[in-house]
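In the numbering used here, the protein residues as written are 10 to 450.
Shown next, in the form of structure tokens:
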């Protein structure tokens with residue numbers, strides 16, 4: 010089946026707007042069981058709803074997660090209404106947020122106001138919570154239902170960290186404008202600041218597999234190790250006045266704190282996914298499945314009720330694999346008018362030159378290669394040693410891939426679409442991750 014056929018079959022009548030946002034990075038091609046777990050996280054009274062409630066924000070379950078092919082998309086209209094029910098993207102061309110009417114206005118106003126009140130400060134309770142959860146070795150290793158309950162409980166901790174991490178980066182970006190620096194410059198050189206001590210937890214990760222929330226992700230687990238500071242940032246920091254340093258210490262320390270804590274939160278998620286995977290394999294063996302990995306394609310109800318069959322699961326697996334080699338656009342919009350041009354943004358500093366290629370070309374390519382991708386997914390880690398840099402359509406400075414790219418010194422620029430006519434696959438390009446630029450050579 011071609012990409013065009015998949016889209017024709019899957020897309021609803023206009024208007025629509027589906028996008029692979031940062032949510033899609035955590036499970037870009039979720040199996041049936043993973044997708045059901047993701048929906049539990051975003052359900053009414055789920056962990057994400059509880060975190061928002063802690064801040065006085067009402068989260069509405071709008072079922073905005075969608076599978077197209079076997080890829081995870083976010084329905085941007087329904088995602089908007091989860092927090093701002095009185096608003097819509099579909100009233101103006103190109104799509105932009107506008108109030109629909111009075112229905113839901115109070116909740117929209119209150120949620121928007123409360124989000125602004127979330128403070129940019131270190132929450133040591135989150136740090137201690139993650140540390141304790143990572144060190145927790147309690148039993149019930151083979152009870153999938155109990156382990157899933159623990160994961161859902163701990164995901165409130167993980168989501169709280171993600172929410173505050175985004176807040177810290179945005180706050181740092183505002184103040185750094187006065188100093189001609191970007192947050193990624195700070196995040197890439199934490200050792201330049203003697204007032205900050207990196208967070209660390211002694212945890213045995215040797216048996217862990219995967220880097221995402223997808224149960225079927227059995228890739229090698231990758232984590233941060235040592236990070237070296239850049240001399241240029243040491244010089245910059247040393248050249249600031251005492252008043253300037255005083256102004257910057259709190260936002261820098263907070264951003265570095267949440268940069269580390271977000272990575273440890275990812276560790277916690279991967280730990281839970283590994284426990285769930287083990288329990289799933291025990292369950293498969295207990296019920297006579299020769300290939301327990303078939304349970305990745307079971308539904309959560311089937312797992313809870315122990316009502317699955319190898320033939321049905323195998324049929325689902327084969328249907329899933331049909332779409333594995335399809336490359337679908339990261340953004341699907343019924344409105345063909347282009348929105349306001351998105352500025353390229355650097356996610357990892359440094360410069361690189363090379364030929365722009367897709368993943369399939371790396372195996373065949375020679376020389377200096379720049380990888381183009383629509384999304385910064387964890388599976389791309391395996392190509393780090395064969396590329397000079399990454400250009401991505403979507404991406405966040407706090408994504409796991411961006412964090413590890415900064416550690417390795419691999420420049421990354423996001424916000425780059427092939428459809429804008431600026432670059433195309435096969436071009437020789439130069440990217441600057443610090444400035445967030447991509448130029449033809």
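C-beta atoms are modelled at their ideal positions from N, C-alpha and C, and glycine is treated no differently.
- With respect to the C-alpha of residue 153, the residue from 284, 437, 85 and 14 having the closest C-alpha is 284.
- Non-local C-beta neighbours of residue 417 in its own chain, meaning closer than 7 Å and more than five positions away in sequence, comprise 393, ordered along the chain.
- Less than 8 Å separates the beta-carbon of residue 322 from that of residue 306.
- Between residue 60 and residue 337, the C-beta gap is not smaller than 8 Å, which leaves the two residues out of contact.
- Cβ-Cβ separation between residue 64 and residue 123: approximately 6 Å, consistent with a contact (criterion under 8 Å).
- If the five residues before and after residue 436 are omitted, its C-beta is found closer than 7 Å to the C-beta atoms of 365 and 449, all from its own chain and listed in chain order.
- For the pair residue 48 and residue 71, the CB atoms are not nearer than the 8 Å cut-off.
- Residue 192 and residue 184 have their C-alpha atoms roughly 10 Å apart.
- Each of 196, 12, 102 and 40 was checked against the Cα of residue 25, and the nearest Cα belongs to 102.
- Check the Cα spacing between residue 38 and each of 332, 431, 79 and 387: the tightest is with 79.
- Classified as buried, residue 271 has 16 or more neighbouring CB atoms from the shown chains inside 10 Å of its CB.
- Counting only unbroken stretches of 4 or more residues, the alpha helix (DSSP H) elements lying wholly within the segment 307 to 338 are 309 to 314 and 319 to 330, in sequence order.
- For residue 446, the enclosing beta strand (DSSP E) stretches over residues 446 to 449.
- Three or more beta-carbon pairs separated by less than 8 Å are not found between the segment 416 to 433 and the segment 318 to 334, which leaves the two stretches without contact.
- In this structure, the beta-carbon distance from residue 447 to residue 434 does not fall below 8 Å.
- The alpha-carbon separation between residue 107 and residue 218 amounts to approximately 44 Å.
- When the five nearest sequence neighbours on each side are left out, the beta carbons in the same chain lying within less than 8 Å of the beta carbon of residue 190 are those of 245, in order along the chain.
- A straight line joining the alpha-carbon of residue 133 with that of residue 324 spans about 48 Å.
- Checking the DSSP bridge columns, you'll see residue 32 has no partner listed.
- Residue state for residue 112 is assigned as coil, using DSSP reduced to three classes.
- In terms of Cα proximity to residue 160, the closest of 169, 173, 142 and 176 is 142.
- A residue is called buried when at least 16 other Cβ atoms come within 10 angstroms of its Cβ; residue 251 does not meet this threshold and is exposed.
- Under the 8 Å Cβ criterion, the segment 218 to 231 counts as touching the segment 374 to 388, having at least three qualifying pairs.
- For the 8 Å CB-CB criterion, residue 208 and residue 163 do not form a contact.
- Just measuring C-alpha positions, the residue of 259, 213, 249 and 297 sitting nearest residue 276 is 213.
- Membership of residue 398 in any alpha helix (DSSP H) is not indicated; the residue belongs instead to the beta strand (DSSP E) covering 398 to 401.
- Nearest in C-alpha terms to residue 227, of all of 287, 200, 264 and 403, is 287.
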